[in-house]
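Have a look at the structure below, then the notes.
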Amino acid sequence: MKNIKVFCSICCPIFIALFLVSCGNSNSSTKVNESLESKDEEEIYIPIISKGWQHQYWQSVKMGANKAAKDYNVRITFEGPEGDAAINKQIEMIESALSKEPSALVLAACNSDAVIPQLEKAKAANIPIIGFDSGVDSDIPITMVATDNEVASSAAADKLAAAIGQEGEIAVICHDSVSTTGTERRDGFVNQMKEKYPNIKVVAVEYSGGDHDISQNITRTIIDKYPNIKGIFATNEGSAYGLINGVIEKDKVGKIVLVGFDAGKLQKESVRNGTMLGAISQDPFNIGYKAVEAAYKASKGEELTSTIDTGYKWYDKTNMDDEDMKTLLYD
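Per mature numbering (1 follows the signal peptide of the UniProt record, and there is no 0), the sequence shown runs over residues -28 to -1, 1 to 303.
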């Protein structure tokens, strides 16, 4: 009996100590696991910098981006300069975004060359770059989410050529000559005309910065300088708005065939009432969604294809009310 008491007096404290150590290790293990889980669940922040915000096109892109942010549980911000030509302002926005050490950066470049120093900074900091809408002259972006602008604008050329009987003088009002959207839409349209329609002459290619008033002034000048002009192509929403207003002002509705790019309330109304023949619509909601989706995947180290083509469709008054067009024709 005495031996049992001695055994208990010696062993019980040891058992208690071992139990406490075990509990301590368990708590420590729990804390380590919680720390790892917290790291795994660390917030993913993706700034989106567009070429502008003033057109409804960008608002539709933003809607798609917001939907993807919700689906993938990431935080995004969406901003852009006051217009396509505000290159320095966009560079400031990129610098500010990079200073916050984001998980990835989504960019539609105002100028395909000017932003490359900022992209090199991002690369050095291991911040993935996702291009959307308008790309850059660099292979730094992991992927490009956009419409195939050359193919889309060549389709616009075919529509305009058919409407004017494949002969006559035409002009182009382009939103800029420094972004890939501007150059690709211009070249896709002009090259298609030159290669496929020898009796059509492109007499003018003018640049408006996507500004409504400048585009309207350009339209007036083209009509005055080329009284036999038969058709005009505008390469984005802002240019198309000015084109429409300029033709109305010069009382040339129905006398000059107008073809546009993108949608928006005025373009849609003009197509419906016959002022404009039709336009190419992108899928801006899908562009925004796919850009954020790609940024999320890039932040997780997933492989992406070099381009993500979001498609386009031609619309005119014969199909603009079709079910598959409704999500593309924003106001």
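Ideal placement from N, C-alpha and C gives every residue a C-beta, glycine not left out.
Residues bridged to residue i [DSSP beta-bridge criterion]
i           : result
residue 49  : 19
residue 141 : 173, 201
residue 231 : 205, 250
residue 115 : 102
residue 281 : 118
residue 146 : 179
residue 287 : 251
residue 78  : 20, 102
Environment of residue i [buried if 16+ CB atoms lie within 10 Å]
i           : result
residue 170 : exposed
residue 199 : exposed
residue 47  : exposed
residue 307 : Lying outside -28 to 303, the shown extent of the chain, residue 307 is not represented and no answer is given.
residue 294 : exposed
residue 19  : buried
Close beta carbons around residue i, own chain, < 7 Å, minus the five adjacent residues each side
i           : result
residue 242 : 216, 248
residue 224 : 195
residue 11  : Its pLDDT being 35, under 50, residue 11 is placed unreliably in this model, and the coordinates cannot settle the point.
residue 277 : 115
residue 279 : 115, 116
Euclidean distance between Cα positions of residue i and residue j
i           : j           : result
residue 106 : residue 66  : 15 Å
residue 274 : residue 292 : 38 Å
residue 58  : residue 52  : 9 Å
residue 253 : residue 152 : 17 Å
residue 145 : residue 15  : 44 Å
residue 251 : residue 68  : 36 Å
residue 99  : residue 74  : 7 Å
residue 270 : residue 28  : 28 Å
residue 139 : residue 168 : 11 Å
residue 38  : residue 172 : 44 Å
residue 131 : residue 211 : 18 Å
residue 94  : residue 192 : 44 Å
residue 45  : residue 272 : 13 Å
residue 246 : residue 113 : 41 Å
residue 226 : residue 91  : 47 Å
Cβ distance (whole Å) where residue i is taken to contact residue j below 8 Å
i           : j           : result
residue 220 : residue 202 : Contact doesn't hold; Cβ gap of about 17 Å is too wide.
residue 262 : residue 117 : 5 Å
residue 155 : residue 266 : Residue 155 to residue 266, Cβ: 23 Å. No contact.
residue 34  : residue 50  : 5 Å
Residues near residue i in its chain [Cβ-Cβ closer than 6 Å; skip 5 each side]
i           : result
residue 62  : 53, 82
residue 22  : 30, 52, 80
residue 125 : 157, 160, 161
residue 136 : 202, 203, 229
residue 208 : 147, 182, 233, 234
Cβ neighbours of residue i in the same chain (closer than 8 Å, five flanking residues each side left out)
i           : result
residue 297 : 253, 285, 287, 291
residue 85  : 108, 109, 150
residue 240 : 292, 301, 303
residue 258 : 36, 282, 283
residue 299 : 255, 257
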